[in-house]
Structures are given as C-alpha cells and as structure tokens.
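Taking it in order: structure first as structure tokens, then the write-up.
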Ligand SMILES: [Fe+2]
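In the numbering used here, the protein residues as written are 2 to 226.
Now the structure itself:
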C-alpha cells in the first residue's frame, strides 16, 4: 500500500472513534514486538504492522449508535458488528490493495482456532498465521484496556488476561501464539505498551522513555518512512 493510503485509513479510524484509535496503536506495537521476537523478516513485519493498524477499518461503516452503545448489544446489532471484517476487506479491494498479509489480517482477525469465530468460521491452520497471532493480541488488549465496567487495570488486569488466554488455548486461540505472547509479556518488554493510552493508568517513567520509539513506529506505519 502507498503511505498515503495507509495514512488516510488510519486517520479515518481515528476520526471515527478515539478509543478504537488507542486500541489500534497498542495492537500495532504488540504485533511488531511479537514478529520481531519470531525473527520475521523486516519487509513482512512492515506489512503485518500496517495490517494491524488497519484491522478494524471496516468499523468505519458501522453506525455509531451500535459501536458506542453503552449497554449490551442486541443479537441484530451484534450481527451488524460482525460484518466489519468483510466490510474492511471490501474496502481494501476497492482501493486496489493486493498484499496478502494485509488482506488476510483484515478478513480473518475474528476467526477462532476451533472454527467458532466470524465471519467465515475458518478453523485451525486455515486461518492465516498473522491473523491467528493477531487474535491473541487483540483479545489481550480488549481485556486490559480502559472500559467503564472494569475495575482492574494495569499489571493485575494483564495477569488475569494471560490466564484467560491460556484457558482459551486450542479453542478460541492458537496455543503457540498464546505461549509466545505470554513468554514475551513476562520479559517485561511489553509493559510500556500496556500503559499507553490507558488514560486512567499513570504512565510509568519507562513508557515516557520509550515514547520516541513509539512515535517512530507510528510514523513508519502511517508514512512509510
Ligand atoms: Fe475487529
């Protein structure tokens, strides 16, 4: 994708919903850290990182009344939310995007290892590896970010989220992805991401120290420099 295309889409996501935007940047950072840990080559890392930034682009067409509804969604509303991977994929195709790692992640990021995800009910290794890894990261971030109903945050929330991921190994999540993420988390290298944009959490000093690194990644994803 051209840097202009990426930038345009990222800005659209940020305009739509700021909490989605914060989520976006945390998952970008987690994704990059995971791929570096796996020793994936740089060209692929850049593509998958772009894909992580754009994964929820399909939500741009979902009405705010549903996306930002404070209470529980009705079955019908949930069905509408579940359209966003396909909406995002259609948007990518319309823009002429042809890079498989990007298309795959947008399309398959809500599939589950056991085939009970959406929208295709793909299972196991039918799900492209980038999307399998990303599903773990996306779930972890959802479980550790600021929500009105969550009382626990930060490190305690992270420990609880890791237990949830482990409980879902082989059903919801790809086991090797969960193991790799858990190991990486325990090195402490992801701590600064956990605290980014989680406004009710005081940003620790080490997060501030890594802001430069974060800004560089954000520039790289949006501008391709
Ligand atoms: Fe999504």
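Using N, Cα and C, we set each Cβ at its ideal position, and we do this for glycine too.
Closest residue to residue i among the options (Cα-Cα distance)
i	options	result
residue 132	179, 191, 14 and 2	179
residue 183	130, 22, 223 and 138	138
residue 57	186, 84 and 217	84
residue 142	6, 167 and 163	163
residue 44	168, 103, 186 and 174	103
residue 109	99, 121, 117 and 224	121
residue 105	215, 36, 48 and 82	48
residue 125	169, 36 and 175	175
residue 41	12, 188 and 134	134
Residue i - containing alpha helix (DSSP H), residue span
i	result
residue 17	4 to 17
residue 74	First-last for residue 74: undefined, no H or E at that position.
residue 91	85 to 95
residue 65	65 to 68
residue 223	212 to 224
residue 186	176 to 187
residue 247	What the structure shows of the chain is the stretch from 2 to 226, and residue 247 is not part of that stretch, so it cannot be assessed.
8 Å Cβ cutoff met for residue i and residue j
i	j	result
residue 94	residue 55	no
residue 87	residue 52	no
residue 14	residue 32	no
residue 68	residue 18	yes
residue 112	residue 130	no
residue 34	residue 191	yes
residue 181	residue 38	yes
residue 1	residue 2	In this structure the chain extends from 2 to 226, so residue 1 is not present and cannot be described.
residue 8	residue 224	yes
residue 159	residue 195	yes
residue 46	residue 63	no
Proximal residues to residue i (C-beta, below 6 Å), its chain only, five neighbours per side dropped
i	result
residue 172	115
Sequence-distant residues of the same chain with beta carbon closer than 8 Å to residue i, five excluded per side
i	result
residue 77	none
residue 165	140 and 144
residue 29	50, 53, 54, 218, 219 and 222
task: Anything with a beta carbon under 7 Å from a heavy atom of ligand 1 counts; list them all in chain order.
output: 56, 57, 60, 85, 86, 110, 111 and 139
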